[in-house]
Every structure is written in C-alpha cells, then in structure tokens.
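Colleague: Per numbering that gives the first Met the number 0, the sequence shown starts with residue 0, numbered consecutively.
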Amino acid sequence: MCIGCDQCTIVCDDDAIELYDTPLASPIMEIDVNRKARVLREPCTGCKLCVLACPTDAIIMIDR
Ligand code: SF4
Ligand code: SF4
C-alpha cells in the first residue's frame with residue numbers, strides 16, 4: 000500500500016512518478032492530505048529503482 004512517503008519520486012531520475020491526492024477510503028478517519036504515487040508509463044525506463052526504494056513494496060514491475 001502506498002503511504003505517499005515520496006521515496007520513489009526522489010530516486011526516479013526520469014520524472015516518471017507523480018504524487019496525487021485522493022480521498023481517504025475509511026469513513027472513521029480524517030487527514031489533511033492522502034497522497035498516492037502514480038507511475039507514468041511513457042517516461043518510465045523500467046530501471047526498478049523505485050521498486051527497491053519503496054518501504055511498503057507498493058510498486059511492482061510488469062511486462063509491457
Ligand atoms: S509508492 Fe512506495 S515509495 Fe512511492 S510514495 Fe508510495 S509508499 Fe512511498
Ligand atoms: S522504474 Fe520507472 S518509475 Fe521506477 S525509478 Fe525507474 S524510471 Fe522511475
């Protein structure tokens with residue numbers, strides 16, 4: 000699960016990851032910002048640095 004920690008965007012040399020804000024799924028909690036990471040297909044070179052950097056294993060590699 001992505002916790003919006005920003006580690007993947009820091010290691011990505013190709014600006015292929017962006018963080019966006021999304022509403023929290025739980026109705027019993029409130030937080031100001033719920034950030035998630037999104038990998039952009041075109042600029043991604045498949046270097047895998049983000050996969051290695053993510054503390055929650057939220058990124059997986061797929062064939063394309
Ligand atoms: S995908 Fe992983 S490294 Fe990137 S913001 Fe989410 S939790 Fe952090
Ligand atoms: S695999 Fe893609 S998104 Fe991940 S660090 Fe490399 S270029 Fe960036």
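Don't be surprised by glycine CBs; every beta carbon is placed ideally from N, CA and C.
#1: So if DSSP puts V38 in a beta bridge, which residue, or which two residues, is it bridged to?
#2: Tell me whether L23 sits in a helix, a strand or coil according to DSSP, three-state version.
#3: Do you know whose CA, among L18, L51 and C46, lies nearest P62's CA?
#4: Looking at C-alpha atoms only, which residue of D13, I58, R34 and V10 is the closest neighbour of A24?
#5: Applying the criterion that 16 or more other CB atoms from any shown protein chain within 10 Å of the CB defines a buried residue, is I16 buried or exposed?
Modeller: In terms of the structure at hand:
#1: Numbered from its first residue, the sequence shown carries residue 38 at position 39. As DSSP reads the structure, V38 sits in a beta bridge with I16.
#2: Along the sequence shown, read from residue 1 onward, the residue named residue 23 stands at position 24. The three-state secondary structure of L23, taken from DSSP, is coil.
#3: Counting from one through the sequence shown, the residue named residue 62 turns up at place 63. Note on identity: in this sequence residue 62 is Asp, with Pro being the wrong assignment. Of the candidates L18, L51 and C46, the one whose C-alpha sits nearest the C-alpha of D62 is C46.
#4: The count along the sequence shown starts at 1 and reaches residue 24 at position 25. Restricting attention to D13, I58, R34 and V10, the CA atom closest to the CA of A24 is found in R34.
#5: Here residue 16 corresponds to residue number 17 of the sequence shown, with the count starting at 1. With 16 or more Cβ atoms within 10 Å of its Cβ, I16 is classed as buried.
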